[in-house]
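Numbering (my numbering), first residue to last: 218 to 1039. We put the beta carbon where it would ideally sit given N, CA and C, even for glycine. Worksheet for the structure shown next.
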Amino acid sequence: MAEQYDPQAVEAKWQRRWQEEGAYQVDNDDARPPYYVLCMYPYPSGSAHQGHVRNYTFGDLLVRQRTMQGFGVLSPIGFDSFGLPAENAAIKTGAHPRPFTDARIEELKSSLKRLGASYDWRRELRSHDPLYMRWNQLIFQRFLDAGLAYRRQAPVNWCPGCQTVLANEQVLPDGTCERSGDVVEKRDLEQWFFRITAYADEMLAALDDLEWPERVKVMQRNWIGRSEGAEFDLPVQGEPDKRIRVFTTRPDTSFGMTFVVLAPEHPLVAEITAGEHRAEVEAFVERVRNESEIERQASEGELEKRGVFTGAYAINPFTREPVPVFLADYVLMTYGTGAIMAVPGQDQRDWDFARAHGLPIIRTVQPPEGWEGGAYVGEGPAVNSAWLDGLDVPAAKAKAIDWLEAEGIGERKVNYRLRDWLLSRQRYWGCPIPVVHCPDHGIVKVPEDQLPVLLPDDVEFRPTGESPLRYHEGFLNTTCPVCGGPAQRETDTMDTFVDSSWYFLRFCDPWSTVAPVNLAAAAKWMPVDQYIGGIEHAILHLLYARFYTRALADVGLAPPEIREPFARLFTQGMITMDGSKMSKSKGNLIAPERYYDTVGADSLRLFHLFVGPPADNFDWGEQTDQMIEGCHRFLGRLWRLATGSVDRGSIIDREPTAADEDLDKDTHRLIAKVSSDFDHWSYNTAVASCMEFLNSVYRYLQSDEGGRRATVDFAVESLLLLMAPMAPHISAELWELHDPARGSVHAQAWPVADPSKVHEERVTMVVQVNGRVRDRLEVDATVSEGDAVATALASPRVSEALGGQQPKRVVARPPRLVNVVV
RNA sequence: GCCCGGAUGGCGGAACAGGCAGACGCGAUGGUCUCAAACACCAUUGGCCGCAAGGCCGUGGGGGUUCGAUUCCCCCUCCGGGCACCA
């Protein structure tokens, strides 16, 4: 009798062997068809958490299956190693972020290796590696040259908790920081931006063709927020040289404009405010300035307090009538022109504002019969609109814009909700922005041969809220590369999302010392065939990576034909506990090591595959350990089957019986089922089918006839092949024990079912009377309608249910069902 | 408020195109093995009625279409997610 299943011994043995053999290393000249599988770049937080385990189990399954299917699979991994947690720890304990981070990377690597995940470790990347930083900085400089990176003064999001500015994408809808949860403040600062808006239209249009989850695409569409309309000028009454430019999506309603609203920050405010209104306007502007974003949004409802009259009038060019100019906090300086034409008849906000301030309301679209609501935003003919009267909304829009263009006062215009990406951070543990500030030459790039600009190690971490770089004389003071005079280094570092925006391109040739991206290697592997990660990156990372891929191509640093980084995206569900995310701070992280040390990694992997649909969330609860035990039990049964230690009758060579043929067909059906389930991300049912099959094999072996050697071998071998991507260690071990001569299970070809054996010849036909099941009969799969009905009516149980009544109608769907209606 | 998902036994979940609801696993109950336990193995396990054969009810609630609805349509409740002064 073979020894018992010892997961620790088996897993250690195979992990060692895979490492020694360099299994899953793939060279760029590999002749097999290329396939690129990638899991999202992990932040090294120490030991893996269950979300990682789930992510890397799915990724590894695909790597191993595609390898068996004959692909040369690129499966790299690296570590997104810059970021705030390491710096915050440094402030708390004084330990430098570098050794802190390196130690955590080693922990995570060990955790991933013990999971049995297969990577080409030669390609490992770390964001804080000087070589990676060098290319990061070079890319920044090329973007600067191309006008894709720029610096400007702007009202920005400041997080008091993180002590740095944030990108719009990092601020949650309630105005808090997505990292720290602090209320984000507005500050006016000089900051660095990437011109992501230059690609808004292209990124929006390209979404349609991506094989991504629809809801991720919807989220990106909403985020980009394209809206079409017109922009035009309104002269200020009595001030012939001043004009207010407004953006509107409804130029067709211009005849209904009864007032104009400026954002409180609008530059014209001070110029046009009439003397007797000055005090009131200044008080209003001051109040709004002091309000946080949250307070400003929360003031909804009290509309009379939210706006103030400037005393000025603008001329509506359509009616040539003067309309009053107001300020209101709900008009944003950062969108459109910071000024709107207000049409209360067709816009609910304008309607409310008009009512609160006693302003006139003119309907310019005829509402339907019986309309009793306020603003009407639907379709309808134009009214009260002179030469637009009678036109429907689209036609009126077009005519209004044509008129504006003909008059030379405005034009067609598309606006986006998307803002440029604010990338500078006032923190230490990130990639320095490689420029210096010279009093005479302004912003000057650090010469290429001096890259990378490295972070000095001898810095002091103090909870002052300012980057230690600002106080490091050696770092700060430098000379101007142009004139050699004294200059100061930029002390801002890059948002860590920069690092993860192109790492997938670097993986194609992480060794290149001549360019950030090896164009030929990238052309071979890109785009990523399957990207796997969490839904929480639906906007931030995935949008930035799409921008970077395009921008790199446009500055010549990436293959021009690759516009999209990720051809297929799969977003896995989250692992939660009591309904909320597991986190270190809550102290409810469940490290995988406790399972590696007991039931083994294969059991844990199998559990993650089996527990439910991969896209669904899973709440880790009281029964979870028992479910993992159940997976371990299944592997124990598999072990005993494959090592021949099932309590069973003898296995002999003999002519096949009906039972042998049935098991043979079950084996083919299993191959077909698992293959199809894998293609549809239905791992839970694939595992269930394997369990069901194993139960059948046990039953088969425990029958009086015993087993037929060829049938059992085919069943066991097939099962091991199918399980190899799911539970790679035990499958490899059992395959070797079973037949050491054929090489690793992972080097075998993925099995293919014989279609003639998948097809069933005899099936169960359900017979219903009035839609209720009354009998089940075995029939030929090819049974004719007439025979099916005859067989059904011949059933004694059916005649009993009929109780002598004549069938009114018989519905036959051979061979599955016959329904007799009386 | 708007836009997506979702709701199936005690629990996680299954049911490809309208045709056997509850696969598979967990838990529970009973049994075999054992001095005993663990492991393992076997059996039962949606609810109600019945000694049984069997019957009735049952996929969040209400209506509809259909010979037949977890599946399609309408209305409602609850849960999760996204967007929300973007002119």
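Supposed close pair residue i, residue j - CB separation, criterion 8 Å
i: residue 646; j: residue 761; result: Between residue 761 and residue 646 the Cβ distance is about 19 Å, and since that is not below 8 Å, they are no contact.
i: residue 397; j: residue 325; result: Not a contact, Cβ separation roughly 23 Å.
i: residue 466; j: residue 442; result: 12 Å between Cβ atoms; not a contact.
i: residue 333; j: residue 809; result: In fact, because the Cβ distance is near 11 Å, the residues do not count as touching under 8 Å.
i: residue 1025; j: residue 1039; result: 5 Å
i: residue 720; j: residue 342; result: 6 Å
Residue from the options with nearest C-alpha to residue i
i: residue 811; options: 386, 270, 719; result: 270
i: residue 289; options: 695, 997, 247; result: 247
i: residue 548; options: 419, 672, 906, 523; result: 523
i: residue 711; options: 224, 301, 677; result: 301
i: residue 799; options: 834, 815, 770; result: 834
i: residue 621; options: 534, 676, 566; result: 534
i: residue 785; options: 744, 982, 778, 793; result: 744
i: residue 1065; options: 412, 436, 986, 753; result: Nothing can be reported for residue 1065, as the shown portion of the chain is limited to 218 through 1039.
i: residue 982; options: 947, 1028, 930, 974; result: 1028
i: residue 255; options: 504, 872, 722; result: 722
i: residue 616; options: 304, 632, 599; result: 599
i: residue 546; options: 539, 555, 538; result: 555
i: residue 807; options: 780, 975, 839, 965; result: 839
i: residue 698; options: 382, 403, 666; result: 666
i: residue 553; options: 578, 654, 450, 836; result: 450
DSSP state of residue i mapped onto helix, strand, coil
i: residue 476; result: strand
i: residue 792; result: strand
i: residue 408; result: strand
i: residue 570; result: helix
i: residue 747; result: strand
i: residue 448; result: strand
i: residue 222; result: coil
i: residue 641; result: strand
i: residue 971; result: coil
i: residue 313; result: coil
i: residue 236; result: helix
i: residue 281; result: helix
i: residue 907; result: helix
i: residue 1045; result: What is shown of the chain runs 218 to 1039, which leaves residue 1045 out entirely.
i: residue 703; result: strand
i: residue 228; result: helix
i: residue 490; result: coil
i: residue 998; result: coil
i: residue 485; result: coil
i: residue 424; result: helix
i: residue 1021; result: coil
i: residue 535; result: coil
i: residue 177; result: Nothing about residue 177 can be reported from this structure: the residues present for the chain run from 218 to 1039 only.
i: residue 343; result: strand
Identity of the residues DSSP links to residue i by a beta bridge
i: residue 374; result: 383, 403
i: residue 456; result: 453
i: residue 836; result: 793
i: residue 924; result: 868
i: residue 530; result: 541
i: residue 252; result: 290
i: residue 662; result: 652
i: residue 364; result: According to DSSP, which records beta bridges pairwise, residue 364 is partnered with nothing at all.
i: residue 992; result: 984
i: residue 1036; result: 985, 1028
Contact under 8 Å by Cβ, residue i with residue j
i: residue 914; j: residue 951; result: no
i: residue 278; j: residue 830; result: no
i: residue 651; j: residue 672; result: no
i: residue 463; j: residue 453; result: no
i: residue 240; j: residue 335; result: yes
i: residue 489; j: residue 456; result: yes
i: residue 980; j: residue 996; result: yes
i: residue 275; j: residue 344; result: no
i: residue 613; j: residue 469; result: yes
i: residue 911; j: residue 854; result: yes
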